[in-house]
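Residue numbering for the sequence shown follows UniProt numbering, beginning at 1 and increasing consecutively. Idealized CB from N, CA, C, for every residue including glycine. Predicted, not measured: the structure shown is a model, and the values here were computed from it.
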Amino acid sequence: MEYIEWFGTHFIGLFQAGGKVFVGFMTDIVPLLIVLLTFTYSLIAFIGEQRVTKAIQFSAKNMLLRYSLMPILSVLMLTNPMAYTFGRFVKEEQKPAFYDSVVSFLHPVTGMFPYANAGELFVYLGIANGVMNAGYNISSLSVRYFLAGIIIILMRGVITEIITKFLMRKKNL
C-alpha cells in the first residue's frame with residue numbers, strides 16, 4: 001500500500017513541477033519573446049517591407065552577404081521555421097548552402113534573441129546555467145556564441161555552395 005501512495009504522490013508531484021515551470025515561462029520568457037517579436041515587426045514596418053525586400057535581394061548577389069547577413073536577418077526577422085523563406089531570393093544552386101547557413105545559426109542566436117528560436121531555448125539555457133554555476137558572465141557567453149555563429153554560418157555556406165556546384169557539374173545539372 002505504501003508503494004501505491006508513494007507512486008500517487010510523486011506522480012502528481014511530477015505534474016505540479018511541470019505546472020510551476022509553465023507558470024515561470026508565462027511570467028518570464030513569454031512576455032520577453034512577445035516584446036522582441038513586436039520590436040522586430042515594428043522595425044520592419046518602420047523601414048518598409050519593400051525596402052527590406054530590396055536589401056535582401058541585393059545581399060543575395062554577394063557570397064559574403066548571402067551567408068552572413070541574410071541568414072542573420074532571416075532568423076531575427078522571421079524566426080524559426082519561417083527563416084527559410086529567405087531562400088526564395090537565392091539561385092537554385094545556392095539554396096542548399098543558404099539552408100545550411102540558416103539552420104546553423106538557429107542555436108547561436110538564442111542567447112541574445114531568444115524569440116528567434118524559442119523551441120530550442122532549453123539548449124542555450126542549459127549551457128548558460130552551467131556557465132553561471134561556474135561563476136562566469138552569461139552576457140559574454142551570449143555575445144561569443146553569437147559571433148562564433150556568424151563565423152560558422154559563413155564557413156558552412158561557402159563550403160556547402162562549393163560542394164553543391166561540384167556535384168551539380170558532376171551530374172551535368
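- In this structure R51 is exposed. Its beta-carbon is surrounded by fewer than 16 other beta-carbon atoms within 10 angstroms.
- Remark: C-beta atoms of S74 and A60 do not approach each other more closely than 8 angstroms.
- Here Y67 carries a coil assignment [DSSP, helix/strand/coil].
- If you draw a 10 Å sphere on the C-beta of M70, you find 16 or more other C-beta atoms in it, and that means buried.
- Residue burial is scored here from C-beta neighbours: T79 has at least 16 other C-beta atoms within 10 angstroms and is therefore classed as buried.
- Below 8 angstroms, too few C-beta pairs join the segment 91-100 and the segment 108-119 to call them touching: fewer than three.
- When the beta-carbon positions are compared, I153 and F89 stay at least 8 angstroms from each other.
- The Cβ-Cβ distance between L37 and Y115 falls below 8 angstroms.
- By the neighbour-count criterion, in which a residue is buried when 16 or more other Cβ atoms sit within 10 angstroms of its Cβ, D100 is buried.
- The C-alpha of G87 is placed about 27 angstroms away from the C-alpha of F122.
- By the beta-carbon neighbour count (other beta carbons within 10 angstroms, threshold 16), E161 is buried.
- Counting along the chain, the unbroken alpha helix (DSSP H) around M132 starts and ends at 121-133.
- Nearest neighbour of T53 by Cα position, chosen from M77, L147, F15, turns out to be M77.
- N172 has its alpha-carbon roughly 52 angstroms from the corresponding atom of F25.
- Annotated three-state conformation of L78 is helix, per DSSP.
- Residue range 30-47 is occupied by the alpha helix (DSSP H) that includes Y41.
- By the beta-carbon neighbour count (other beta carbons within 10 angstroms, threshold 16), R66 is buried.
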